[in-house]
Amino acid sequence: MRSRSNGFRGRLSMFSVAAAVFIAPVAATADSPNTMRVLRVSAATDNYPYSYLDDSGKLTGYGVDMLDAVAEVMNVRLERTLVPAKEDISNLRSEDFDIFQFHAPLAEGSPIVAFSQPILVNMGDVFVRNNDTRFASIDDLREKRARVAVAQGGQEYLLARGFDPANLQLSTSTEAILALSKGEVDAALFTRLTGLTQAHHSKVKNVRPLGLVMSDFKVTYSIATRIDDTALLQQINEALAYLSTTGETVEIYSRWFGRYEAKGPSLVQILAPAAGILALALIVSLISLRHQRRLRCRITAQAEELRISREILAEAQRSAHLGHFQYPSSRDIPAVWSEETFHIFGFDPGGSVPPLEEMLALAVPSDQERWREALAFDDGGVPYEFDIAIDPLSGQRKILNVLGHPMVDASGVRNGTFGTVQDVTASRAASAALKQSELLLRALFETLPVGLSVLEYRENNWCVLSVNPEMVLQLNGKTP
0 MRSRSNGFRG
10 RLSMFSVAAA
20 VFIAPVAATA
30 DSPNTMRVLR
40 VSAATDNYPY
50 SYLDDSGKLT
60 GYGVDMLDAV
70 AEVMNVRLER
80 TLVPAKEDIS
90 NLRSEDFDIF
100 QFHAPLAEGS
110 PIVAFSQPIL
120 VNMGDVFVRN
130 NDTRFASIDD
140 LREKRARVAV
150 AQGGQEYLLA
160 RGFDPANLQL
170 STSTEAILAL
180 SKGEVDAALF
190 TRLTGLTQAH
200 HSKVKNVRPL
210 GLVMSDFKVT
220 YSIATRIDDT
230 ALLQQINEAL
240 AYLSTTGETV
250 EIYSRWFGRY
260 EAKGPSLVQI
270 LAPAAGILAL
280 ALIVSLISLR
290 HQRRLRCRIT
300 AQAEELRISR
310 EILAEAQRSA
320 HLGHFQYPSS
330 RDIPAVWSEE
340 TFHIFGFDPG
350 GSVPPLEEML
360 ALAVPSDQER
370 WREALAFDDG
380 GVPYEFDIAI
390 DPLSGQRKIL
400 NVLGHPMVDA
410 SGVRNGTFGT
420 VQDVTASRAA
430 SAALKQSELL
440 LRALFETLPV
450 GLSVLEYREN
460 NWCVLSVNPE
470 MVLQLNGKTP
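Each residue of the sequence shown is one higher than the last, beginning at 0 in numbering that gives the first Met the number 0.
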């Protein structure tokens, strides 16, 4: 037994050597903290297991680890303000913070914050005591008039399904798990991870989830930013995508919630037979990490080049009063407008693309039907171009030239529409003025009682291009 232990310990020492050789060069590439951008973060201290203070007073949790990983990818430094969970929610309406590290969208909406791609999706489940076999579904709870402990969202969910309000006990997740354990209620409705983690945290061992798949009862958690900081939100989403591809998202999830998944062999059982192979795998992983750091620097440089290109494009569009738009065929994918397109139609570039009917309402009545007809051509995959007059909210009438054509994917299947819109008010006005001047000049040429002619010098000869009626009279001595 001793020799096996020593052998395993020896194999593990290979991990330490590999780490010493390869982690040091990687760490050396990190920027000095003094040069990093500092982001202010509101962080809850009592939202177990997502953001809370452990026994040593250190802030930890799944949401903390996820935001730390995002900050490392973004190469920024976090400055956290620690507050109770209720104050953390109130801070969503404060402009004193750049990031709110772990939140679900509020039921009434959060007009001053925007949410990243989800970092955790909790599905609902019903918890009962271990020895209670009366319930196997939501319908069983209702029909058997079970007493159910619920949070606010769970109460609304059950009321919508015909539950008697008298049988619902509004509680925090901690209160609910303890009430269920003591037999004060028959069941508790949580998201699955909330119930499991609260039971573990409260040392409750006599409750279990039914294992229901409640896809219509779920809570989605994200990282939040101020709604006007679209650049920061985009950087966070890009960092989350990067963490997903490297597997770090799964690693963080497993660290916090892996114990609640199906049980398999222990870590020692897995490592002991294959420690040598894993040591080699770790070395390869560390080399890969070093490469990823270098690649990240390259991506940062490319991102800066892309930012400059976007600024040049935006400036060119502003100068030409020309914007572009893209409408995917799938309604699940949002439409895209350039910043200048928003300005042309008189909408806020910080908002979302307005609905079609709201845009049509801007057109003068005589042009609205032509616009609809053009969109009908677009639905049929036919390119279109037309001029319309609009009255934007600014009150200044504009003439717009709109051009669009279908987009197709690599297999030739149509997947949307791309087009441009240009404010041609000034050029159309100049064209109309020029036409008016030409008509006036033509009228004068035809009616003046003075003989006039237009000559052109060609190949050493003067050629008559045009004469007015009075000139004809003078030349012929008679009425033309």
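Here a beta-carbon is modelled for each residue, glycine too, at the ideal position from N, C-alpha and C. Here the structure is a predicted model, which means the values were calculated and not measured.
Of all C-beta pairs linking the stretch 217-234 to the stretch 114-127, three or more are shorter than 8 Å, placing the two stretches in contact. L211 and G123 have their C-alpha atoms roughly 8 Å apart. Nearest neighbour of R295 by Cα position, chosen from G322, F162, S328, L242, turns out to be L242. Segment contact: the stretch 220-230 against the stretch 154-167, fewer than three CB-CB distances shorter than 8 Å; contact not assigned.
The beta carbon of D53 sits closer than 7 Å to those of T59, all from its chain and outside the five residues before and after it, given in chain order. Every beta strand (DSSP E) stretch that sits fully inside the stretch 111-167 and reaches 3 residues is listed by chain position as 112-114, 119-128, 147-149.
The beta carbon of R317 sits closer than 6 Å to the beta carbons of E339 from its chain, once the five residues preceding and following it are set aside; these are given in chain order. With fewer than three CB-CB distances shorter than 8 Å, the stretch 412-427 does not count as touching the stretch 444-455.
Cα atoms of V335 and P353: separation of roughly 10 Å, rounded to the nearest angstrom. Judged by DSSP in its simplified three-state form, S214 adopts strand. Within the same chain, Cβ atoms closer than 7 Å to the Cβ of T173 are found at Q197, S201, the five residues on either side in sequence being excluded. Sequence-distant Cβ neighbours of L157 in its own chain, meaning closer than 7 Å and more than five residues away, are V147, V149, L167, L188. In the DSSP assignment, H199 falls within the alpha helix (DSSP H) that extends over 191-200. With a contact defined as Cβ atoms closer than 8 Å, N467 and L451 qualify at about 5 Å.
Distances from the alpha-carbon of A223 to those of N90, G476, P405, Y51 put N90 closest. Per the C-alpha coordinates, the member of D45, F101, L81 positioned closest to M65 is F101. Of R92, I307, A84, R309, the smallest CA-CA separation from I111 is found for R92. Nearest C-alpha to K181 among K204, R254, E142: K204. L77 counts as buried, since no fewer than 16 other beta carbons sit within 10 angstroms of its beta carbon. CA-CA distance, Q291 to V72, rounds to 10 Å. In this structure, the alpha-carbon of E304 lies about 17 Å from that of A315. Short of 6 Å from the beta carbon of L239, and not among the five residues preceding or following it, lie these beta carbons of its own chain, in chain order: Q116.
Of the residues assessed, W255 falls on the buried side of the cut-off, its CB having 16 or more other CB atoms within 10 angstroms. When DSSP assignments are scanned along the stretch 356-438, the uninterrupted stretches of beta strand (DSSP E) that are 3 or more residues long and fall wholly within it turn out to be 383-389, 397-407, 413-422.
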